[in-house]
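Inspection log for the structure reproduced underneath, given as structure tokens.
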Amino acid sequence: MKPLGPGDPASVGDGRYRLVGRLGQGGMGVVYFGRSRSGRAVAVKVVRPELSTEPGFRRRFADEVAAARRVGGFHTAPVVDADPEGEPAWLVTAYVPGPTLRDLLDQVGPLPADTLTVLAAGLAEALAAIHQAGVIHRDLKPANIIVAEDGPRVIDFGIARALDGTALTQTGFQIGTLGFLAPEQLTGGRLTPAVDMFALGVVLSQAAGRAPFGDGASAAWPYRVVHEQPDLTDLPGGLRELVAACLAKDPLDRPGPSEFLDQLTVRHPSDTWLPAEATALIRRQVPVTDRPSAAPLDPRAGAFGPPPVADGQPLAMDQRATVSVTPPVGDGQAPAGDQRATVHAPPPVAEGQALGTDPRPATPAPSAPTEGRAVASHPLTVQSPPGPGFGPPPVLAPAPVPPGGPVPPGDAGAPGGAGPRRGRRGTVAVAALLVAAVVAGLLVWQPWTGSGQGDADASGALPSPRRSTPAVFPDAPLLVRLDTEPGSSECHSVIGRRDSTTDNPEQLIDGTCDALPQWSPDHKSFAFTRKTADGAAVWTANADGSGVRRIGAISGGRVSWSPDGKRLAVLRRDGDGVQQLFAVNVSDRSAQQLTTGSGKVDDPAWSPDGKFIAVCLQKPSGWQVHVVDPAQPSAEPRQVTNQPRRALDPVWSPDGRYFAYTAGAPDKGTGGDIHIARTDGSDDRTLVRTAAQEMDPVWSPDGKWVAYVRGPFDRPVIWAIRADGTGARKLTTGSTPEGHPSWR
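Converting from the sequence shown to the working numbering requires adding 44 to each position, the first position being numbered 1.
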């Protein structure tokens, strides 16, 4: 949950609902966490003011709210208050503690058969109540389902129709999510409650472990949904025929909610309907309160207590009323169109606690990949050599791979950390590490659900073992390049910002050929490149796009900030016409040349400690990653990678111990793949490999995720994946191609 901004209201309903924090925003408006006068926790959706001027919007909104307020039952988050005539209009729903089904599947994997039957019954009961009130949900999906200990809850129903005919939908804004849309929604047929039953079939199939219409290019999904039969292999026998009926092409052949329930056999052997791992996830929530001095309330206090949610967790209303069209994805991957993927954070490591006490299981290393096959390796280990360094890493005992990615800076033994603990704390840490190693070894021996060696999904990652506490998706915003006229022979790109809670990036600067944005270290500004009739130059701007300022000419390529934010590593040509590395002072625009020689330099990236700059250096043998010491500009760059293919786009992990980079060239083999290697070049492993072109990796600020671009060049999209190779998700959801992500 983020604090209220200067433009956010303090309350709605003449003070009846005090707004505490901002949860997210979408096509219809902004969602806030709020409290009633009695202290009850609620979710408040405030409609975008410009929608109020749309013809018919307030009337449709009022009709939908009135219908939604008639919805009852045990499995919905009810609408409790609204003001369609307000300035702006707003809507309040009850708060339901718990993760979304999307988050639950991301963390614990496919659900067992008994749990699936209870989930199916709960969702069918919710749809029965919704349809009985005359409402069609139109966007049922895992992100709109809250999982509570006493059953699922369907949220965000009864307001989508209010957007019909508005400027949003007239300009192509899609209500619903591709992959959950029924055939008649794709072909322009009549909209009936049967579309929700089709979506129910897709949800249950995904909860069992498989997208029913497969994975692939987005253009293939509509064809498959309309013309091909679903793959229901992973569904248990008792559900397979029912789900197949829900996915019938003809809406008249689908069962209604009541008919579905009549044919469903629910296996509910006890009061605990979820597997233990899922129940632990629900209970492992961090209380958040707007009263700093208040003591945490008993979690059984329910809605009257502080909301037991982790920072950024969705409440009882999805942050977005609608989503842009995006294809569904495979097992372990984010749902189609939903890029928020806000999940519960694992418990923080206490002061003095050894990182080795993390209860997450280690994963066995995958076998060597074959050419053309997707790979999601696990390259990062707890015991890492100090970095950045260029000598061989010390000989270490085998260590379990941390599923969340690189060890965060500040641990004992990480650069910039506090150093080894002494006395009793050191003894406890060593003992804990030994215990953790034994436990990890036992866990590795246990048979996993899924071998990790199956066919690759659309993300480029192989199916991976389950993890109890995978890294949460970052809420830090991404800077991106937006191609406003894709396919044009001219450059038409602008700089945008993608927030974690929205589908569509916000354009920050009006330009005609702007690219390669890079956040400054404090995120108060960013640098980018711009091409005009006068040539290429590096520019800077404030975080909101204001204060655009030209810094100086460059020969092309990306730029990189020094950690203190005072200099930019840029590319310029020397007197011989060779592209070299320069450092430019942002304040006075003075420059210093840092490389010489006949080899062309590209892709600079400053190390987190400021001591080195990684570059790609062209040699007779091809492009490879090298490291330059800016304090010794005359020194020969030190080679890091030794790929048989070219190596480009190096970026340092936040702790300075790893590189992510692009290996390969377009139209050769698998094109470009994303690799991770230690900063001395050792332990070089593939993170993402598909038949498509991957490039331009960037680390998340916490070092747990890597975002990257997938081609073709004229239609790039941005994906993200955990640094351990799990949880891949497509971030680009709209029709505008996106590239050049910058996360930190």
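The beta-carbon is built from N, C-alpha and C at its ideal position, and this holds for glycine as well. Model, not experiment: these values are computed from the prediction.
Query, Result
"Beta-carbon contacts of Asp646 that lie in its chain and below 6 Å, excluding the five residues immediately before and after", "Gly601 and Cys660"
"Beta-carbon proximity check, Ala264 vs Pro154, cutoff 8 Å", "no"
"Simplified DSSP state of Glu782, which is helix, strand or coil", "strand"
"Outcome for Leu276 when other beta-carbon atoms lying within 10 angstroms are tallied against a minimum of 16", "buried"
"Burial state of Leu296 (16 or more Cβ within 10 Å)", "exposed"
"Where Pro509 falls: helix, strand or coil (DSSP)", "Residue confidence for Pro509 is low, a pLDDT of 37 falling below 50, so the modelled location carries little weight; the figure read from the coordinates is stated next. In this structure, Pro509 counts as coil in the three-state DSSP scheme."
"Option nearest Ala133 by Cα separation, candidates Arg104, Asp147, Thr323 and Gly233", "Arg104"
"One or two residues paired with Asn686 in a DSSP bridge", "None; Asn686 has no bridge partner."
"Collapsed DSSP secondary structure at Cys290 in the structure displayed", "helix"
"contact_flag[the region 116–130, the region 173–191] where n(CB pairs < 8 Å) is 3 or more", "yes"
"C-beta atoms of Ser599 and Arg574 nearer than 8 Å", "no"
"Element boundaries [beta strand (DSSP E), containing Ser80]", "Gly73 to Ser80"
"Endpoints, the alpha helix (DSSP H) within which Tyr267 is located", "Ala264 to His271"
"CB of Thr730 within 8 Å of CB of Val684, strictly", "no"
"Pairwise C-alpha distance: Lys89 and Val64", "13 Å"
"Short Cβ contact (8 Å threshold) for Val247 with Leu160", "no"
"Cβ shell of Pro681 (< 7 Å), same chain only, five flanking positions each side left out", "Thr639, Val659, Leu661, His670, Val671 and Val672"
"Segment contact flag, the region 736–743 with the region 707–722, C-beta cutoff 8 Å, min 3 pairs", "yes"
"Integer-rounded CB distance, given that Asp240 should sit under 8 Å from His181", "5 Å"
"Phe101 versus Val124, Gly130, Gly579 and Pro694, residue with shortest Cα-Cα distance", "Gly130"
"Among Ala165, Ser533 and Val592, nearest to Asp194 - alpha-carbon criterion", "Ala165"
"Reduced DSSP category for Arg84 - H, G, I as helix; E, B as strand; rest coil", "coil"
"Ordered list of alpha helix (DSSP H) runs contained in the region 295–321, each at least 4 residues", "301–307"
"Bounding residues of the alpha helix (DSSP H) (the contiguous stretch that carries Ala707)", "Segment Tyr702 to Ala707 is the beta strand (DSSP E) holding Ala707; no alpha helix (DSSP H) there."
"Beta-carbon spacing of Ser249, Pro266 below 8 Å", "no"
"Phe572 in three-state terms, based on DSSP", "strand"
"Thr159 - containing alpha helix (DSSP H), residue span", "Ala157 to Gln176"
"Reduced DSSP secondary structure (H/G/I, E/B, other) of Arg542", "strand"
"Expected contact under 8 Å - CB spacing of Ala255 and Phe242 to nearest Å", "Contact doesn't hold; Cβ gap of about 14 Å is too wide."
"Coarse secondary structure for Ile199, derived from DSSP in three states", "coil"
"Residues of its chain near Gly619, where Cβ-Cβ distance is below 6 Å and the 5 sequence neighbours each way are ignored", "none"
"Distance between Pro530 and Ser779 (C-alpha atoms, nearest Å)", "10 Å"
"Buried or exposed by the 16-neighbour rule on C-beta atoms within 10 Å, applied to Val426", "Note on Val426: pLDDT 28, under 50, position unreliable in the model; the coordinate value appears next. So Val426 counts as buried."
"Nearest to Leu48 (by Cα), restricted to the options Phe77, Ile595, Asp125 and Ala635", "Phe77"
"Ala85 burial status per 10 Å Cβ neighbour count (16 or more: buried)", "buried"
"C-beta atoms of Trp563 and Phe570 nearer than 8 Å", "yes"
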